[in-house]
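Numbering (our numbering), first residue to last: 62 to 290. Here a beta-carbon is modelled for each residue, glycine too, at the ideal position from N, C-alpha and C. Computed from a prediction, not measured in an experiment: that's the story for all the values here. Below: the structure, in structure tokens.
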């Protein structure tokens with residue numbers, strides 16, 4: 062992860078970095094890794110965790126908060142009615158897009174209320190590959206997750222320090238360091254287009270050994286782009 066941070070100049074002295082913490086494996090590993098990195102980083106920065114409570118019954122905030130306390134990271138939670146808006150008021154047939162937009166708005170506002178200048182998200186390399194295929198298949202464009210971007214209206218940087226990691230790396234870290242994870246209480250979890258792409262890619266990787274690493278290398282290798290422009 063350190064190489065990704067350094068390659069994209071993600072962290073500077075006096076940064077106030079908020080980790081978007083859902084309780085899932087990706088964000089919990091990111092928080093753990095950034096907390097370790099904070100101990101030896103040449104840049105001195107503040108680190109806190111920010112969780113958006115969407116309003117689902119059974120969401121285990123206690124486990125998230127206890128883990129933050131155990132690694133000495135301040136924990137912030139914002140309670141919302143996003144679940145009710147998406148499923149009961151708007152009754153969205155395809156709820157993921159609206160939910161994602163509302164979650165983004167809520168966490169951006171939470172960070173700005175505390176004068177934080179960077180939001181760290183737990184996306185890894187397999188997320189980047191899946192996003193590339195999603196945008197090609199469903200939007201007709203070539204685009205994926207950015208390692209570092211700036212939200213002009215919010216004056217907030219978004220960084221993804223875990224992009225060089227694979228999902229397998231994340232899973233092994235969870236086991237090795239016994240990091241707790243919280244189950245996603247959403248009704249439509251694992252029933253999305255992203256999950257369909259995930260399964261498609263698993264088949265490709267099985268049929269073409271080494272294809273996962275080749276795709277990821279293609280994403281990183283800007284010198285070898287050869288498109289129609």
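- prompt: Nearest to residue 218 by alpha carbon, out of 231, 208 and 236?
  reply: Mapped onto the chain shown, residue 218 falls at position 157. Residue 218 has its Cα closest to that of 208, out of 231, 208 and 236.
message: Just to confirm the assignment: which complete alpha helix (DSSP H) runs, minimum length 4, are found wholly within the region 185-252?
response: 186-200 and 228-238
- prompt: Helix, strand or coil: which one does DSSP assign to residue 76?
  reply: Taking the first residue of the chain shown as position 1, residue 76 is located at position 15. Of the three classes helix, strand and coil, the one that applies to residue 76 here is coil, per DSSP.
- prompt: What residue from 73, 120, 108 and 96 has the CA that sits closest to residue 247's CA?
  reply: Counting from one through the chain shown, the residue named residue 247 turns up at place 186. Ranking the options by Cα distance to residue 247, first place goes to 120.
Ordered list of alpha helix (DSSP H) runs contained in the region 90-164, each at least 4 residues: 122-131
Residue 127 versus residue 138: straight-line alpha-carbon distance, rounded: Start at 1 with the first residue of the chain shown, and residue 127 comes out as number 66. Start at 1 with the first residue of the chain shown, and residue 138 comes out as number 77. In a straight line, the C-alpha of residue 127 is about 13 angstroms away from that of residue 138.
query: In its own chain, which residues sit with a C-beta less than 6 angstroms from the C-beta of residue 183, not counting the 5 before and 5 after it?
result: Along the chain shown, read from residue 1 onward, the residue named residue 183 stands at position 122. For residue 183, where only same-chain residues beyond five positions count, the Cβ hits under 6 angstroms are 87, 88, 91 and 223.
- request: For my contact list, residue 147 and residue 111 are in at a C-beta cut-off of 8 angstroms; report their separation, rounded to the angstrom.
  value: By one-based count along the chain shown, residue 147 stands at place 86. By one-based count along the chain shown, residue 111 stands at place 50. Not quite, the Cβ-Cβ distance comes to about 20 angstroms (not below 8 angstroms), so this is no contact.
field: Those residues which DSSP pairs with residue 180 across a bridge
entry: Stepping through the chain shown from its first residue, residue 180 is reached at position 119. DSSP lists 79 and 219 as partners of residue 180.
message: Please return the same chain residues whose Cβ sits closer than 6 angstroms to the Cβ of residue 77, not counting the five positions on each side in sequence.
response: For the purposes of this step, residue 77 is taken as the residue at position 16 of the chain shown. Result list for residue 77: 107, 177 and 178, in chain order.
Endpoints, the alpha helix (DSSP H) within which residue 266 is located: For the purposes of this step, residue 266 is taken as residue 205 along the chain shown, with counting starting at 1. Taken as a continuous stretch (DSSP letters only), the alpha helix (DSSP H) holding residue 266 covers 254-268.
field: Same chain only: Cβ atoms within 7 angstroms of residue 188, ignoring 5 sequence neighbours per side
entry: Mapped onto the chain shown, residue 188 falls at position 127. Excluding positions up to five away in sequence, the list reads 206.
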